[in-house]
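Top line first, the protein sequences correspond to chains A and B.
Counting with numbering that gives the first Met the number 0, you get residues 0 to 259 for the letters of the first sequence.
Counting with numbering that gives the first Met the number 0, you get residues 0 to 305 for the letters of the second sequence.
From the three backbone atoms N, C-alpha and C, an ideal C-beta is built for every residue, glycine too.
Data first, discussion second: the structure below is written as structure tokens.
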Amino acid sequence: MSSVPVISANGLNLTFQTNDGPVHALKDVNLDIAKGDFVSFIGPSGCGKTTFLRCIAGLEKPTGGEITVNGMTPDEARRARAYGYVFQAAGLYPWRTIGGNIRLPLEIMGFSEVEKKERVMRVLELVDLAGFEKKYPWQLSGGMQQRASIARALAFDADILLMDEPFGALDEIVRDHLNEQLLDLWARTEKTIGFVTHSIPEAVYLSTKIVVMSPRPGRITDVIDSPLPKERPLDIRDTPEFIEIAHRVRDGLRAGHVDA
Amino acid sequence: MKSVLPIVTVVAAILGFWVLAVIPMNMHLTTDQAQRDGLVVTPETPAERQAYSGLGLTLQNTSLISRTYTLERPRLPSPHQVGAEMWETVFERRVTSRRSLVYHGWVTLSATLVGFAIGTGLGILLAVGIVYNKAMDMSVMPWAIASQTIPILALAPMIIVMLGSIGIQGLFPKAVISAYLSFFPVVVGMVKGLRSPDAMQTDLLHTYNASPAQGFWKLRLPASVPYLFASLKIGISASLVGAIVAELPTGARAGFGARMLVGDQYGQPLVTWAALFAAAITAAALVGFFSLIERLTLRRMGMHAA
């Protein structure tokens, strides 16, 4: 935790020019994310949590302040393929099999045939989809499709995994299951994960660090370092520690609303 | 097989209407002919009969109804006459004969296919240009739309004559007109198809730092395939129409268009009708062929046919 942060934002500002005037999507955001952290961004819609994730990915250009990823600008980091990005929808290509979809980034990045095959097998195993390589997306359930899209983001071994409400469209039972799997995957791969969500239990269950944000202007109102152990069975959600953190997150969200 | 019944019903209704329409449409000609053959017709003079409508005259001469179906040069041929003419000109003539519809069909079809290939190629190239080049996006589309507002019947003779004056004759000028009609649906469909990937999918490629060329081959082109097939089906039938229209104004001696014109000019409605139906069947076969290719391709690509 003492080493150089993997992601570091300093006085980050982002203003969108819209027809209704400027929108302050991010205001004075300061945040350090250490290697191996699981960081959740939580807040109501319009709080800039997705925008911040997109800034890390170099998909949005900040209008002020500084942000570095692996010590580089986000754009350099993007070109160095420093991160895998998982979107709200699985967004698998319908004309490619599951294996073909996972091979897509590998083709673009010019991996060898042998390596492609080996990596596809490995990440399919990692997301518990072994044997589904030759299936088409429409043959899979929504949860399985989202797992395939996570496998696609893992395939090229970036150290950072950015996830924008990846389980938002799934029902709660599937979601619980995928959360468990994600923690397991995180423990095995030791990646740094940035995870956008609007679910308090999900944020508390998954994260080592919870970033509470509020809207108009989008800003950070609280950063909570979770005292929960790394090993987290689902029923940890009934422990007093868990409930206490959830309370603090809720208070942070409420505070953000009052002075907005 | 549930779909067979509605289709048969509609076809039967059309045929029934056609068969009934033959009677009043041909009654004037039939009464004239019957009178020459020495039969009793009411009223007696052609001038008096002209005052009647076809239906009115039919009611006066119900005994002549069966004769309306056997005129040699009817105003409206009956289905069985058209069928017999088609049978004769398709199956009972050598395909190299000038009286064979297969021969004329091939003349039109070859121009159609060449024109369709040119039009499709041009359409895809223009669509790629429109999607990737801002200037082309602003400039090409209005011209493409304007090109389709000019009646092809007015334009076709000009193209044929102009190309003829520089020594280009035969198949190619017809193919040009086919291409002129078929490039447009391909442009429209392909522009839509190439632009069909949403922001998330282009963002995804951006996170991989993919080149524009990779974006084209791996995302935009495959995403446009369903749109392309929809366009091809419109384009191929437009091509056929183009080739036929190209044969009309120039006194072409072969092709469906030439047959239609000959039938008209020499008072042989059966020839015209047979050519019309042969053209329609050819168009249906071409569209059916592309539907089949579409289904096979999309299935191979793992997508359902739209």
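Inclusion of B/T111 and B/G234 in the CB contact set at 8 Å is not warranted, their separation being larger than that value. Assignment of beta-bridge partners to A/E65 by DSSP yields A/N9. Counting only Cβ-Cβ distances below 7 Å, A/G90 has contacts in chain B at M199, Q200, L203, in chain order.
A distance below 6 Å between beta-carbons, with the five flanking residues on each side excluded, links A/I235 to the following residues of its chain, in chain order: F241. Under the DSSP assignment, B/S181 falls in the alpha helix (DSSP H) whose first and last residues are 170-193. In this structure, A/V68 sits near A/A81, with a CB-CB distance shorter than 8 Å. Beta-bridge partners of A/I219 (DSSP): A/M212. Just measuring C-alpha positions, the residue of B/Y265, B/A257, B/I22 sitting nearest B/T69 is B/I22. Contact check for B/T249 against B/I167 fails: the beta carbons are separated by 8 Å or more. Annotation: the continuous alpha helix (DSSP H) that includes B/I13 extends over 3-35. With its beta carbon less than 8 Å from one in chain B, A/R80 belongs to the interface. At a cut-off of 8 Å between beta-carbon atoms, A/P61 makes no contact with chain B. Of A/S206, A/F155, A/L91, the smallest CA-CA separation from B/A222 is found for A/L91.
Using a CB distance below 9 Å, no part of the region 198-209 of chain A faces chain B.
Taking 8 Å as the threshold, the shortest C-beta distance from A/M120 to chain B does not fall below it. Chain A has a Cβ within less than 8 Å of the Cβ of B/A209. Each of B/M189, B/T95, B/L58, B/P172 was checked against the Cα of B/L247, and the nearest Cα belongs to B/P172. Just so you know, the alpha carbons of B/S290 and B/M300 end up roughly 15 Å apart. In the DSSP assignment, A/K48 falls within the unbroken alpha helix (DSSP H) covering 48-55.
With contacts defined by Cβ atoms closer than 8 Å, A/N12 and A/K26 form a contacting pair.
Nearest Cα to B/L239 within the set B/H103, B/L125, B/L269, B/Q59: B/H103. In this structure, A/V248 keeps its C-beta atom at 8 Å or more from the C-beta atom of A/V195. Where A/D74 is concerned, the enclosing alpha helix (DSSP H) starts and stops at 73-78.
Contact residues of the region 153-181 of chain A toward chain B are absent (C-beta to C-beta distance below 7 Å). Restricting attention to beta strand (DSSP E) runs no shorter than 3 residues, the region 155-200 of chain A encloses them at 159-163, 191-196, ordered along the chain. For the pair B/S177 and B/A242, the CB atoms are nearer than the 8 Å cut-off.
Residues of the same chain with a CB within less than 6 Å of the CB of A/G63, apart from the 5 flanking positions on each side, are N12 in chain order.
Distance from A/K134 to A/T96 at the Cβ level is roughly 6 Å; contact confirmed, criterion being Cβ atoms closer than 8 Å. B/R298 and A/G99 have their C-alpha atoms roughly 16 Å apart. Shortest Cα-Cα distance from A/L128 to any of A/G109, A/R151, A/E112 involves A/R151. Residue environment analysis places B/A279 among the exposed positions, since fewer than 16 neighbouring C-beta atoms fall within 10 angstroms of its C-beta.
Around A/F86, the beta-carbon contacts reaching into chain B at under 8 Å are M199, D202, L203.
DSSP links A/G20 through a beta bridge to A/T17.
Annotation for A/F37: the continuous beta strand (DSSP E) segment containing it runs 37-41.
Interface residue (Cβ-Cβ distance to chain A less than 8 Å): B/Q213 is classified as such. Contact residues of the region 103-114 of chain A toward chain B are L103, P104, E106, I107, M108 (C-beta to C-beta distance below 9 Å).
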